[in-house]
Every structure is written in structure tokens, then in C-alpha cells.
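Numbers given in this note's numbering equal positions in the sequence shown, counted from 1, plus 507. Glycine included, every Cβ here is placed at the ideal spot set by N, Cα and C. Notes follow once the structure below has been shown.
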Amino acid sequence: MAHTWLSKDPVFLDTETTGLDAGAQALEIGLVNARGDLIYEPRLKPTVSIDPAAAAVHGISEAMLADAPAWPDIAQQLQHHIGRRPLVIFNANFDTRILKQAAVAHNLPVSWLDSLTVYCAMRLAAGYYGPTNRYGTISLASAVSQAGLSWTGQAHSAIADAVMTARMVNDITEYWYQLQREMGDN
């Protein structure tokens, strides 16, 4: 599965958010390619307050976003950077919901988000490394640890999380290719 994703030249996306609820919005978006190279990294000024629990995780304050653009200012650029390529997202349902909520908060369409091909790296990792929580999934930190990877950048920044997702998917893909080579030798 992971090797198929990578063959389609995907974009890896992660968000940092104002919270987890139905009104939460993106306040940082990280986009990288499969090599982990930066494509786009905007910070956004949301229309809602940042939940203190979320701020404690990612360290982004409302003061840090005072001069940041809002969703309408970056939505078209984000769409351009993604293009027609598939997205690979760790916990895809959450991040796509957050992006849609940001669009809805500004009365902007979500149809382009609905039309994207999205793959969930969390489901892939849970299937590969095994689930590690009561939800039957795995955290990005646990998946990175299981892959034996060293963290690059600051955890819980959108760009670092997108980079680590790309590295983890590449690790799973490399293992798949290794198995294919070994099976071919028999």
C-alpha cells in the first residue's frame, strides 16, 4: 500500500489546530513531498480562540498569529501546492475535517477538499506496527519510534510532523521492497 502511495507523487500534510472540537480550525499547515522537502508552511489567524490544551501541545499562541493571514488568504495557494496529487496525512479524518472547518468559518467552499484523494498514514502505521491505544490506532510519535527513526524538527509543529509522516511511510515502503527482493531470491 505505501509503495503505491509513493508511486503517485503524494504531498504529505499536517496541521496544528486551535483544538479538537467541531469549531476548531487550522492555525499551522505543513506540506512536504515524499523526500520531506518543504512545499508550503503557512501559519493562519483563526476565527476562534486557541484551546489552552492545544496551545500546551504545539506552543502556538494567539499573539504569535496576530499578523498571520486568514484561511481566505492562503486557501488558493494551498490548493495550488496540492494540485491533483494525493495527500498522505497522519489521522486524515481529523486534518481534513479541520481544513473544512476553516473554510466553512469563512463561508468558503469545501468542494475542492472533498475532491482530493487522501490516504491515512495513521491507519497504515497501525496495520504495520500494530495499534497502541484504545482506539485501535497509533500515535505519530509511537509510529516514528517503531520505525526506529530520529525525530527531525520540533514535534507538534505541522512541518516536522509532515516530514516524520513522510519518513515513516518511506520506511514502511523500503521494508516492503526488501521483502519483495528476499521473496524473489527464493
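Quick check on the burial criterion: 16 or more other C-beta atoms within 10 angstroms. Buried or exposed for residue i?
{"i": "Gly566", "result": "exposed"}
{"i": "Gln608", "result": "buried"}
{"i": "Val564", "result": "exposed"}
{"i": "Tyr626", "result": "buried"}
{"i": "Thr624", "result": "exposed"}
{"i": "Thr511", "result": "exposed"}
Residue i to residue j, Cα distance in whole Å?
{"i": "Arg630", "j": "Val518", "result": "17 angstroms"}
{"i": "Thr603", "j": "Ala531", "result": "12 angstroms"}
{"i": "Arg592", "j": "Ile557", "result": "31 angstroms"}
{"i": "Asp528", "j": "Glu689", "result": "46 angstroms"}
{"i": "Ser646", "j": "Thr639", "result": "8 angstroms"}
{"i": "Asn677", "j": "Met571", "result": "33 angstroms"}
{"i": "Val670", "j": "Phe597", "result": "11 angstroms"}
{"i": "Glu523", "j": "Asp574", "result": "17 angstroms"}
{"i": "Ala582", "j": "Ile605", "result": "13 angstroms"}
{"i": "Leu538", "j": "Ala561", "result": "20 angstroms"}
Helix, strand or coil for residue i, going by three-state DSSP, please let me know.
{"i": "Ile605", "result": "helix"}
{"i": "Thr672", "result": "helix"}
{"i": "Val642", "result": "According to the sequence displayed, residue 642 carries Tyr and not Val. The answer is coil: DSSP assigns Tyr642 none of H, G, I, E or B."}
{"i": "Leu545", "result": "strand"}
List the endpoints of the continuous beta strand (DSSP E) containing residue i.
{"i": "Gly537", "result": "533–539"}
{"i": "Asp621", "result": "From DSSP, Asp621 is part of no beta strand (DSSP E) but of the alpha helix (DSSP H) over 618–621."}
{"i": "Asp521", "result": "518–524"}
{"i": "Val625", "result": "625–627"}
What are the boundary residues of the alpha helix (DSSP H) that includes residue i?
{"i": "Thr511", "result": "509–514"}
{"i": "Ile589", "result": "578–589"}
{"i": "Leu647", "result": "647–653"}
{"i": "Val595", "result": "Per DSSP, Val595 belongs to no alpha helix (DSSP H); it is in the beta strand (DSSP E), 594–596."}
{"i": "Ala459", "result": "Absent from the model: residue 459. The displayed extent of the chain is 508 to 693, so no value can be given."}
Any beta carbon of chain B sitting closer than 8 angstroms to that of residue i?
{"i": "Ala529", "result": "This model lacks chain B altogether; it includes just one protein chain."}
Please check the pair residue i and residue j, which I expect to be a contact at CB under 8 angstroms, by giving their CB distance rounded to whole angstroms.
{"i": "Ala673", "j": "Gly543", "result": "5 angstroms"}
{"i": "Tyr547", "j": "Gln584", "result": "7 angstroms"}
{"i": "Glu535", "j": "Arg550", "result": "5 angstroms"}
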